[in-house]
Amino acid sequence: MHLCGVRGSSPAPGIDFVRYGGHTSCVALSHDGHAPSLILDAGIGLERAGKLLSGAPFAGTLLLTHLHWDHVLGLPFFSGADREDARIQVLIPEQASGEPAEEVLGGVMRPPYFPVGPTQLRGDWSFGTVEPGVLQLEGFEILAREIPHKGGRTFGYRIGDGRSTMTYMPDHCPTVLGAGEDGLGAYHETALELAADTDLLIHDAQLLPAELPREACFGHSAADYAVELGRRAGARAVVLFHHRTDRTDEALDALGQRLASSSPTVFVATEGAVHDL
(Lines of atoms letter the chains of each structure in order from A and count residues from 1; the text may use other names and numbers.)
(Lines give C-alpha, C1' and ligand atoms only; values in the text may rest on other atoms or scores of the structure.)
Protein backbone atom coordinates (compact mmCIF):
# COMPACT_ATOMS: atom_id res chain seq x y z
CA MET A 1 0.00 0.00 0.00
CA HIS A 2 1.49 3.32 -1.14
CA LEU A 3 0.61 6.71 0.33
CA CYS A 4 0.67 8.96 -2.75
CA GLY A 5 -1.05 12.02 -1.26
CA VAL A 6 -1.72 12.66 2.43
CA ARG A 7 -2.80 16.32 2.61
CA GLY A 8 -6.39 17.52 3.02
CA SER A 9 -8.52 20.35 1.60
CA SER A 10 -5.84 21.85 -0.66
CA PRO A 11 -2.21 21.18 -1.62
CA ALA A 12 0.57 22.45 0.61
CA PRO A 13 3.61 23.52 -1.42
CA GLY A 14 6.77 24.98 0.07
CA ILE A 15 9.73 24.23 2.26
CA ASP A 16 7.65 23.80 5.43
CA PHE A 17 5.86 20.77 4.00
CA VAL A 18 8.65 18.79 2.34
CA ARG A 19 9.02 15.79 4.66
CA TYR A 20 5.37 14.81 5.04
CA GLY A 21 4.31 16.02 1.60
CA GLY A 22 1.80 18.42 0.13
CA HIS A 23 -0.17 16.32 -2.38
CA THR A 24 -3.85 15.69 -1.65
CA SER A 25 -5.54 12.37 -0.96
CA CYS A 26 -4.52 9.27 -2.90
CA VAL A 27 -3.65 5.73 -1.79
CA ALA A 28 -2.54 2.98 -4.20
CA LEU A 29 -2.95 -0.74 -3.45
CA SER A 30 -1.25 -3.66 -5.13
CA HIS A 31 -0.91 -7.43 -4.70
CA ASP A 32 2.48 -8.86 -3.70
CA GLY A 33 4.55 -6.02 -5.10
CA HIS A 34 2.85 -5.88 -8.49
CA ALA A 35 1.74 -2.62 -10.08
CA PRO A 36 -1.17 -0.90 -8.30
CA SER A 37 -4.58 -2.03 -9.53
CA LEU A 38 -6.84 -0.31 -6.97
CA ILE A 39 -6.45 3.38 -6.20
CA LEU A 40 -8.41 5.17 -3.49
CA ASP A 41 -9.25 8.79 -4.26
CA ALA A 42 -7.91 10.99 -7.03
CA GLY A 43 -6.37 13.99 -5.33
CA ILE A 44 -3.25 15.40 -6.92
CA GLY A 45 -1.32 12.56 -5.30
CA LEU A 46 -2.67 10.53 -8.22
CA GLU A 47 0.14 11.98 -10.31
CA ARG A 48 2.59 10.32 -7.93
CA ALA A 49 0.67 7.05 -8.23
CA GLY A 50 1.35 7.12 -11.96
CA LYS A 51 5.07 6.87 -11.27
CA LEU A 52 4.55 3.50 -9.54
CA LEU A 53 3.64 1.97 -12.93
CA SER A 54 7.19 2.28 -14.31
CA GLY A 55 5.93 3.48 -17.66
CA ALA A 56 3.23 0.82 -18.04
CA PRO A 57 -0.45 1.71 -18.56
CA PHE A 58 -2.81 1.57 -15.62
CA ALA A 59 -5.30 -1.28 -15.67
CA GLY A 60 -7.61 -1.13 -12.69
CA THR A 61 -10.10 0.84 -10.64
CA LEU A 62 -10.18 4.30 -9.11
CA LEU A 63 -12.54 4.19 -6.12
CA LEU A 64 -13.51 7.58 -4.71
CA THR A 65 -14.77 8.25 -1.20
CA HIS A 66 -16.54 11.47 -2.25
CA LEU A 67 -16.37 14.31 -4.76
CA HIS A 68 -14.64 17.20 -2.98
CA TRP A 69 -11.87 18.92 -4.97
CA ASP A 70 -9.03 17.44 -2.93
CA HIS A 71 -10.23 13.95 -3.90
CA VAL A 72 -10.88 14.43 -7.63
CA LEU A 73 -8.65 17.13 -9.15
CA GLY A 74 -5.80 14.74 -9.90
CA LEU A 75 -7.97 12.71 -12.26
CA PRO A 76 -6.89 14.31 -15.57
CA PHE A 77 -3.20 14.30 -14.52
CA PHE A 78 -2.90 10.53 -14.02
CA SER A 79 -0.17 9.76 -16.55
CA GLY A 80 -0.73 6.01 -16.40
CA ALA A 81 -4.38 6.37 -17.40
CA ASP A 82 -4.55 9.17 -19.99
CA ARG A 83 -3.11 6.97 -22.75
CA GLU A 84 -4.59 4.78 -25.45
CA ASP A 85 -3.54 1.43 -23.92
CA ALA A 86 -4.96 2.10 -20.41
CA ARG A 87 -8.08 0.56 -18.87
CA ILE A 88 -9.69 2.57 -16.07
CA GLN A 89 -12.89 2.08 -14.12
CA VAL A 90 -13.91 5.07 -11.98
CA LEU A 91 -16.42 4.45 -9.20
CA ILE A 92 -18.05 7.08 -6.98
CA PRO A 93 -20.74 6.93 -4.28
CA GLU A 94 -24.27 6.89 -5.69
CA GLN A 95 -25.52 10.48 -5.55
CA ALA A 96 -28.86 11.58 -4.12
CA SER A 97 -29.61 13.20 -7.49
CA GLY A 98 -29.17 9.90 -9.32
CA GLU A 99 -26.84 11.55 -11.85
CA PRO A 100 -24.45 9.26 -13.74
CA ALA A 101 -20.87 9.32 -12.49
CA GLU A 102 -19.45 10.92 -15.64
CA GLU A 103 -21.91 13.80 -15.35
CA VAL A 104 -21.09 14.35 -11.68
CA LEU A 105 -17.35 14.40 -12.40
CA GLY A 106 -18.00 16.65 -15.36
CA GLY A 107 -19.19 19.29 -12.91
CA VAL A 108 -15.55 20.03 -12.02
CA MET A 109 -13.86 18.79 -15.18
CA ARG A 110 -15.24 20.67 -18.18
CA PRO A 111 -14.82 24.03 -19.89
CA PRO A 112 -14.48 26.73 -18.73
CA TYR A 113 -12.90 25.13 -15.65
CA PHE A 114 -10.83 22.56 -17.54
CA PRO A 115 -10.10 21.95 -21.25
CA VAL A 116 -11.69 18.49 -21.49
CA GLY A 117 -14.35 16.43 -19.74
CA PRO A 118 -13.86 13.01 -18.13
CA THR A 119 -15.10 11.12 -21.18
CA GLN A 120 -12.53 12.86 -23.41
CA LEU A 121 -9.46 11.34 -21.79
CA ARG A 122 -7.52 8.78 -23.81
CA GLY A 123 -7.83 5.08 -23.02
CA ASP A 124 -10.69 2.75 -22.16
CA TRP A 125 -12.55 4.62 -19.41
CA SER A 126 -15.76 3.54 -17.70
CA PHE A 127 -17.70 5.30 -14.95
CA GLY A 128 -20.12 3.98 -12.36
CA THR A 129 -21.57 4.40 -8.90
CA VAL A 130 -21.58 2.22 -5.80
CA GLU A 131 -23.98 1.82 -2.91
CA PRO A 132 -23.16 0.70 0.65
CA GLY A 133 -22.41 -3.01 0.71
CA VAL A 134 -19.75 -5.49 -0.37
CA LEU A 135 -17.79 -4.98 -3.60
CA GLN A 136 -15.37 -7.27 -5.41
CA LEU A 137 -12.74 -5.16 -7.21
CA GLU A 138 -9.32 -6.04 -8.60
CA GLY A 139 -8.91 -9.08 -6.36
CA PHE A 140 -9.97 -7.22 -3.22
CA GLU A 141 -13.15 -7.53 -1.17
CA ILE A 142 -14.38 -4.10 -0.11
CA LEU A 143 -17.00 -3.16 2.46
CA ALA A 144 -18.46 0.27 1.66
CA ARG A 145 -20.31 2.25 4.31
CA GLU A 146 -21.60 5.82 4.40
CA ILE A 147 -19.95 7.97 7.05
CA PRO A 148 -20.73 11.51 8.24
CA HIS A 149 -18.89 14.29 6.46
CA LYS A 150 -20.13 17.60 5.07
CA GLY A 151 -21.12 18.64 1.58
CA GLY A 152 -22.01 15.43 -0.21
CA ARG A 153 -22.32 11.70 0.29
CA THR A 154 -19.10 10.21 1.67
CA PHE A 155 -18.03 6.57 2.02
CA GLY A 156 -15.44 4.79 4.10
CA TYR A 157 -13.97 1.53 2.86
CA ARG A 158 -12.69 -1.65 4.49
CA ILE A 159 -10.47 -3.55 2.06
CA GLY A 160 -9.19 -7.10 2.34
CA ASP A 161 -7.43 -9.71 0.23
CA GLY A 162 -8.07 -12.78 2.36
CA ARG A 163 -4.85 -12.31 4.34
CA SER A 164 -4.96 -8.75 5.68
CA THR A 165 -7.27 -5.75 5.90
CA MET A 166 -7.00 -1.99 5.83
CA THR A 167 -9.63 0.65 6.51
CA TYR A 168 -9.76 3.99 4.72
CA MET A 169 -11.74 6.90 6.19
CA PRO A 170 -9.95 10.05 5.01
CA ASP A 171 -12.87 12.43 5.69
CA HIS A 172 -15.03 11.78 8.74
CA CYS A 173 -16.97 14.16 10.98
CA PRO A 174 -18.16 12.19 14.03
CA THR A 175 -19.17 15.31 15.95
CA VAL A 176 -22.31 15.64 13.79
CA LEU A 177 -23.58 12.59 15.72
CA GLY A 178 -22.82 14.19 19.07
CA ALA A 179 -19.83 15.15 21.17
CA GLY A 180 -19.36 11.64 22.54
CA GLU A 181 -18.03 10.82 25.96
CA ASP A 182 -14.64 12.50 25.38
CA GLY A 183 -15.88 15.48 23.36
CA LEU A 184 -14.18 14.32 20.15
CA GLY A 185 -17.29 12.89 18.52
CA ALA A 186 -19.35 9.73 18.61
CA TYR A 187 -17.68 6.34 18.20
CA HIS A 188 -20.56 5.22 16.09
CA GLU A 189 -21.50 1.82 14.74
CA THR A 190 -20.45 2.40 11.12
CA ALA A 191 -16.96 3.63 12.00
CA LEU A 192 -16.44 0.77 14.45
CA GLU A 193 -17.63 -1.76 11.87
CA LEU A 194 -15.21 -0.51 9.23
CA ALA A 195 -12.27 -0.42 11.65
CA ALA A 196 -12.95 -3.65 13.58
CA ASP A 197 -9.75 -5.71 13.94
CA THR A 198 -8.24 -4.07 10.87
CA ASP A 199 -4.49 -4.29 10.33
CA LEU A 200 -4.23 -0.62 9.34
CA LEU A 201 -6.70 2.22 9.90
CA ILE A 202 -6.08 5.26 7.68
CA HIS A 203 -8.19 8.00 9.20
CA ASP A 204 -8.94 11.71 8.98
CA ALA A 205 -6.68 13.58 11.41
CA GLN A 206 -7.02 17.09 10.03
CA LEU A 207 -7.68 18.72 13.40
CA LEU A 208 -6.30 18.91 16.91
CA PRO A 209 -8.75 18.69 19.83
CA ALA A 210 -8.42 22.42 20.53
CA GLU A 211 -9.44 23.18 16.93
CA LEU A 212 -12.68 21.19 16.99
CA PRO A 213 -14.97 23.93 18.37
CA ARG A 214 -14.00 26.30 15.58
CA GLU A 215 -13.40 23.95 12.64
CA ALA A 216 -15.35 20.71 13.05
CA CYS A 217 -18.17 22.39 11.11
CA PHE A 218 -16.09 21.87 7.96
CA GLY A 219 -16.43 18.11 8.37
CA HIS A 220 -13.28 16.64 9.90
CA SER A 221 -11.93 14.70 12.88
CA ALA A 222 -9.30 15.28 15.52
CA ALA A 223 -6.19 13.10 15.41
CA ASP A 224 -6.95 11.89 18.93
CA TYR A 225 -10.33 10.60 17.76
CA ALA A 226 -8.63 8.49 15.09
CA VAL A 227 -6.36 6.88 17.68
CA GLU A 228 -9.16 6.20 20.13
CA LEU A 229 -11.37 4.77 17.38
CA GLY A 230 -8.54 2.43 16.47
CA ARG A 231 -8.16 1.34 20.08
CA ARG A 232 -11.87 0.68 20.55
CA ALA A 233 -12.14 -1.18 17.26
CA GLY A 234 -9.08 -3.35 17.83
CA ALA A 235 -7.04 -1.93 14.93
CA ARG A 236 -3.38 -2.94 14.93
CA ALA A 237 -2.09 0.40 13.69
CA VAL A 238 -3.47 3.86 12.87
CA VAL A 239 -2.23 6.20 10.13
CA LEU A 240 -3.06 9.86 10.78
CA PHE A 241 -4.10 11.17 7.36
CA HIS A 242 -5.54 14.21 5.56
CA HIS A 243 -3.28 16.74 7.26
CA ARG A 244 -4.52 20.30 7.45
CA THR A 245 -3.08 22.50 4.71
CA ASP A 246 -1.06 24.67 7.10
CA ARG A 247 0.15 21.84 9.35
CA THR A 248 3.93 22.12 8.93
CA ASP A 249 6.49 19.33 9.17
CA GLU A 250 7.46 20.54 12.64
CA ALA A 251 3.85 20.54 13.78
CA LEU A 252 3.35 17.00 12.45
CA ASP A 253 6.55 15.92 14.20
CA ALA A 254 5.07 17.24 17.45
CA LEU A 255 1.78 15.44 16.81
CA GLY A 256 3.57 12.16 16.23
CA GLN A 257 5.67 12.61 19.36
CA ARG A 258 2.61 13.38 21.48
CA LEU A 259 0.85 10.21 20.35
CA ALA A 260 3.93 7.99 20.11
CA SER A 261 3.13 6.03 23.26
CA SER A 262 -0.48 5.38 22.23
CA SER A 263 -1.93 1.98 21.58
CA PRO A 264 -2.41 0.94 18.81
CA THR A 265 0.76 1.98 17.01
CA VAL A 266 0.43 5.41 15.41
CA PHE A 267 2.02 6.59 12.16
CA VAL A 268 1.81 10.14 10.83
CA ALA A 269 1.02 9.73 7.13
CA THR A 270 4.01 10.58 4.95
CA GLU A 271 3.79 10.98 1.20
CA GLY A 272 5.73 8.19 -0.49
CA ALA A 273 5.55 5.81 2.47
CA VAL A 274 4.84 2.14 1.79
CA HIS A 275 3.01 -0.08 4.29
CA ASP A 276 3.25 -3.81 3.65
CA LEU A 277 0.30 -5.77 5.00
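First residue of the sequence shown? That's 518 in the numbering used here, and the numbers climb one at a time after it.
All C-beta atoms, glycine included, are put in the ideal place defined by N, C-alpha and C.
The structure displayed is predicted, hence computed values, not measured ones.
Closest in C-alpha terms to F735, from the list D558, V693, V756, R748, comes V693.
Its chain contains F595, S596, G597 as the residues whose beta carbon lies nearer than 6 Å to that of G567, once the 5 sequence neighbours on both sides are disregarded; these appear in chain order. Taking the C-beta atoms as reference points, G577 is found no nearer than 9 Å to I609. Non-local C-beta neighbours of F631 in its own chain, meaning closer than 8 Å and more than five positions away in sequence, comprise P593, V625, ordered along the chain. The Cβ atoms of T715 and R753 lie closer than 9 Å to each other. DSSP lists G522 as the bridge partner or partners of C543. The residue among M683, L772, V647 with its C-alpha nearest the C-alpha of T671 is V647.
Note on geometry: alpha-carbon atoms of S547 and S554 lie some 6 Å from one another. Contiguous beta strand (DSSP E) elements confined to the stretch 531 to 614 occur at 543 to 546, 555 to 557, 576 to 580, 604 to 610, taking only those with 3 or more residues.
Checking the DSSP bridge columns, you'll see A739 partnered with L724. For R680, the closest alpha carbon among the candidates E728, F657, P687, Y674 is that of F657.
Separation of R524 and P691 (C-alpha to C-alpha, rounded to the nearest whole angstrom) is 20 Å.
Between G539 and the set G677, G700, G789, the nearest pair of CA atoms involves G789. In the three-state reduction of the DSSP assignment, L660 falls in the strand class. Cβ-Cβ separation between L570 and A559: approximately 15 Å, too far for a contact (criterion under 8 Å).
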